[in-house]
Amino acid sequence: MPIDGLATQLRKGVIEFCVLALLRDRPRYGGELVHLMRERQGLLVSEGTIYPLLSRMRAEGLVETEWSETSGGHPRRYYRLSRSGQKAVTDFRAEWATFRAAVDSIFGTGGAER
Amino acid sequence: MTAPHGDRLVADYLARLNLALARMPADRREEIAGEIASHIADERAALGDETDTDVLNLLDRVGDPAEIASAAEADLPVSSAAGDRQIGAVEILALVLTPIIWPVGVILLWLSPAWSARDKVIGTVLSLGGYPVILFLGPLLFLSPALMSTCSGGSVDGRPIQETCSGIMGLPVWEHVIISVAITLGVLLVLALPVLVGIYLGVRLRRWASVRQVATS
Numbered sequence: 877m878p879i880d881g882l883a884t885q886l887r888k889g890v891i892e893f894c895v896l897a898l899l900r901d902r903p904r905y906g907g908e909l910v911h912l913m914r915e916r917q918g919l920l921v922s923e924g925t926i927y928p929l930l931s932r933m934r935a936e937g938l939v940e941t942e943w944s945e946t947s948g949g950h951p952r953r954y955y956r957l958s959r960s961g962q963k964a965v966t967d968f969r970a971e972w973a974t975f976r977a978a979v980d981s982i983f984g985t986g987g988a989e990r
Numbered sequence: 082m083t084a085p086h087g088d089r090l091v092a093d094y095l096a097r098l099n100l101a102l103a104r105m106p107a108d109r110r111e112e113i114a115g116e117i118a119s120h121i122a123d124e125r126a127a128l129g130d131e132t133d134t135d136v137l138n139l140l141d142r143v144g145d146p147a148e149i150a151s152a153a154e155a156d157l158p159v160s161s162a163a164g165d166r167q168i169g170a171v172e173i174l175a176l177v178l179t180p181i182i183w184p185v186g187v188i189l190l191w192l193s194p195a196w197s198a199r200d201k202v203i204g205t206v207l208s209l210g211g212y213p214v215i216l217f218l219g220p221l222l223f224l225s226p227a228l229m230s231t232c233s234g235g236s237v238d239g240r241p242i243q244e245t246c247s248g249i250m251g252l253p254v255w256e257h258v259i260i261s262v263a264i265t266l267g268v269l270l271v272l273a274l275p276v277l278v279g280i281y282l283g284v285r286l287r288r289w290a291s292v293r294q295v296a297t298s
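Those protein sequence lines, which keep their order, are chains A and G. Each residue of the first sequence is one higher than the one before, starting from 877 at the first, in the numbering used here. Each residue of the second sequence is one higher than the one before, starting from 82 at the first, in the numbering used here.
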């Protein structure tokens, strides 16, 4: 499965920053993040894999969590960007712009949208 | 329509997930499995009238436990992510040394990923500092006043007087016997504890190793 493997490789480097970026506006719980990622094709293959990722980012201090009572039922763990998480998002954004421009210039995939 | 096997399917899935995550530290495993269980519950609640097929599709979307576990293990430190750490020298030495050279054994016990924090506390506390400490400090207990027996008696001015005793010798015979038996049992327990703790830790170690084998295969 070489193409599948390629997608996995590409995904690996960016997915955590995509999740972090989705937390820029406000704290969200895991299921919410899954729904937002699901809308973007190809970013999340198995929904469950977002949870090890969130757990690691919590251990690394990129996100903080708090339990919040929901209107309907059980309490949910909400993820919030920490200061270092915000910095990671900003850094990635700058890095990504440069990176994408470089790749696009080689593949002729970027530039004026036609 | 409802899913007659929905709960069962989810419970099976979560059991497989826990097994697949066996190599993760307990707190991370609980965090990940708990979040996924909560995610599944949310999605099922959103389904409303679910069928078994809905539940199966949901679990399929959530993903293969092995895949989730490998995503989790990808960010473990290399030593434990390597995955095939078997029972090694650290574990064997921890078991052997804890009763003999307690400080060294206990350090190894805490260094090893094989035991949970609870087992480590049990191993540290109930091994009572190992046999050197037990054999050195144990006899000192018998010097405590409650157990020391002193008797005074004999004769005063040539007349014999009633002998009086304090401590254990001063008690009625049946109490004396009960206390003696209790002390004997206590001594035996203290002497056996480091060995019992060693056996317990050994059993936990074997269990850990077998769970890992299931999880890796």
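Even glycine gets a Cβ: it sits at the ideal position worked out from N, Cα and C.
For residue 935 of chain A, the closest C-alpha among the options G:276, G:108, G:86, G:206 is that of G:108. Excluding the 5 residues flanking it on each side, residue 185 of chain G has same chain C-beta neighbours closer than 7 Å at 178, in chain order. Around the C-beta of residue 213 of chain G, fewer than 16 other C-beta atoms lie within 10 Å, and the residue is accordingly described as exposed. Beyond the five residues adjoining it in sequence on each side, residue 83 of chain G comes within less than 6 Å, by CB distance, of no other residue in the same chain.
Think of a sphere of 8 Å around the beta carbon of residue 143 of chain G: the chain A residues whose beta carbon falls inside it are 922, 923, 924, in chain order. In this structure, DSSP gives residue 252 of chain G a state outside helix and strand, which the three-state scheme calls coil.
Using beta-carbon distances, residue 927 of chain A counts as an interface residue toward chain G, with a partner under 8 Å. Only residues of its own chain outside the window of five on either side were considered, and among them 176, 179, 180 have a CB closer than 7 Å to the CB of residue 279 of chain G, listed in chain order. Chain G places a beta carbon closer than 8 Å to that of residue 910 of chain A, counting this residue as a contact.
Interface criterion met: the Cβ of residue 931 of chain A is under 8 Å from a Cβ in chain G.
Per the Cβ contact rule, the stretch 898-912 of chain A is in contact with the stretch 113-128 of chain G (3 or more Cβ pairs under 8 Å).
Minimum Cα-Cα distance from residue 101 of chain G among the listed residues G:140, G:149, G:203, G:131 corresponds to G:149. Annotation for residue 940 of chain A: no alpha helix (DSSP H) segment contains it, though the beta strand (DSSP E) segment containing it runs 939-944. A direct Cα-Cα distance of roughly 44 Å separates residue 129 of chain G from residue 287 of chain G. The stretch 916-925 of chain A and the stretch 127-146 of chain G touch, with three or more beta-carbon pairs separated by less than 8 Å. Counting only Cβ-Cβ distances below 8 Å, residue 116 of chain G has contacts in chain A at 906, 927, 930, 931, 953, in chain order. Listed along chain A, the residues sitting closer than 9 Å to residue 153 of chain G by beta-carbon distance are 925, 927, 928, 929, 931, 932.
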